[in-house]
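Residues in the sequence shown are numbered from 25 upward in steps of one, following this note's numbering.
Glycine included, every Cβ here is placed at the ideal spot set by N, Cα and C.
What follows is one structure encoded as structure tokens, with my remarks underneath.
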Amino acid sequence: MTKRNLPKVMIVTGGAAGIGAAIVKLAIEQGHKVAIADVDIAAARQLATSLGESALPLDLDICSEARWKAAVEATCRHFGRLDVLVNNAGVAHPGPTRDVPLEAHEHTLRVNALGPMLGSLAVLPHFRAQGSGHIATVCSMTAFLTLPGLVSYAASKHALRAMHLGLALEERGSPVDFTIVHPGATETAMLELEAEKGVTAAFSREPAAPEEIAAIVLKAIRDKKAEVCIPAARGRVVKAIGANPRRLFELVEKNEQIGATMLASRRARSK
């Protein structure tokens, strides 16, 4: 067994549901041990119980520096070490920006940008001291372009990517590896919320399954990839369009039309 394939101890934030839960399940299936960190501790405990001794539920508010310190200590105490942090937790408050309460915008920015920064800073001293470690961030395609109805969410993901890559640059001489993964639309509760708020541009393509994203995230960690877009070809297009405001306006209008049709079909199927 090569070093990169050795079992790891991971903390996965937002690990009780959606992409996070899919990462947790697949990681344990692959032989890793996982601390399921979530603000919904009841859901984290339920998932951990179903997965056995390789799972540890953690009650974690990722916006609390003190809770992060306790989470890292609890993981190391329970499993004996910590190898990987997966910054996955995130929130969205979709809708026209002017109609979303200020508190909701602030919540989005705190959870999606500040939370992963606090987590990364919490594990860095531990990783540097043990001579190895990996910080993986599940970001979003909206880190490259924004969408109507998801303005503060996209802003938070732009900030998250800048934070992750900036920290990777600062730590490039250290023993810590960094990976960032950008999924497109994924079949989660967050996507359902976007559907309720009529964020049609998010539905211009069929959403991926959380399990598909989880497999790519874990492979990217294993292969120590710097940055991965899902799907890769779409990522190249999105990056180019995000850098050209005129093309962005054209794309969004087209995608809103396509998305409106696909969202209508989605609603019809759910009746």
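Residue i - partner residues in DSSP beta bridges
i	result
Phe202	Ile159
Thr37	Ala61
Pro81	Ile60
Cys253	His206
Ala186	Paired residue(s): none; Ala186 is not in a bridge.
Ala232	Thr210
Asn111	Thr161
Distance, residue j Cα to residue i Cα
i	j	result
His331	Thr161	Absent from the structure is residue 331, since the part of the chain shown begins at 25 and ends at 295.
Lys243	Pro140	21 Å
Gly157	Pro199	7 Å
Met165	Glu274	17 Å
Glu251	Ala67	30 Å
Val115	Asn279	23 Å
Glu194	Ser289	47 Å
Ala95	Gly39	13 Å
Gly173	Val223	6 Å
Cys100	Met34	10 Å
Arg291	Thr212	15 Å
Leu191	Leu184	11 Å
Gly155	Lys249	19 Å
Met286	Leu215	13 Å
Met25	Glu53	Unreliable positioning characterises Met25 in this predicted model, as indicated by a pLDDT of 46, which lies under 50. The coordinate reading is nonetheless provided below. Going from the Cα of Met25 to the Cα of Glu53 covers about 16 Å.
Ile282	Ala98	47 Å
CA nearest to the CA of residue i, picked from the options
i	options	result
Ala267	Gly143, Thr170, Lys57, His188	Thr170
Tyr177	Ile52, Leu126, Arg152, Glu211	Leu126
Pro31	Ala90, Ser78, Ile237, Ala128	Ser78
Ala209	Leu193, Arg293, Cys163, His182	Cys163
Ala238	Met214, Pro207, His188, Leu191	Pro207
Ser74	Val63, Val58, Asp85	Val58
Ile65	Cys87, Ala41, Ile47, Glu53	Ala41
Ala72	Ile47, Gln281, Met187, Cys100	Ile47
Arg196	Leu287, Lys181, Arg152	Arg152
Lys49	His102, His129, Glu236	Glu236
Arg260	Phe168, Arg293, Glu277	Phe168
Ala45	Ala113, His102, Ser88, Phe103	Ala113
Any C-beta of chain E under 8 Å from that of residue i
i	result
Ala153	Looking at the structure shown, chain E is missing, and only one protein chain is on hand.
Any non-hydrogen atom of the ligand SAH within 7 Å of residue i CB
i	result
Ile237	The ligand SAH is absent from the structure shown, which contains no ligand whatsoever.
Integer-rounded CB distance, given that residue j should sit under 8 Å from residue i
i	j	result
Gly55	Trp92	Wrong, their Cβ atoms sit about 26 Å apart, outside the cutoff.
Ile240	Val205	7 Å
His117	Val108	At roughly 29 Å, the Cβ-Cβ gap does not stay under 8 Å, so His117 and Val108 are not in contact.
Leu82	Ala61	4 Å
At least three beta-carbon pairs within less than 8 Å, the region 189–209 to the region 146–157: Put simply, the region 189–209 touches the region 146–157. At least three CB pairs are less than 8 Å apart.
Stretch pair the region 252–261 + the region 231–242: three plus CB contacts closer than 8 Å: yes
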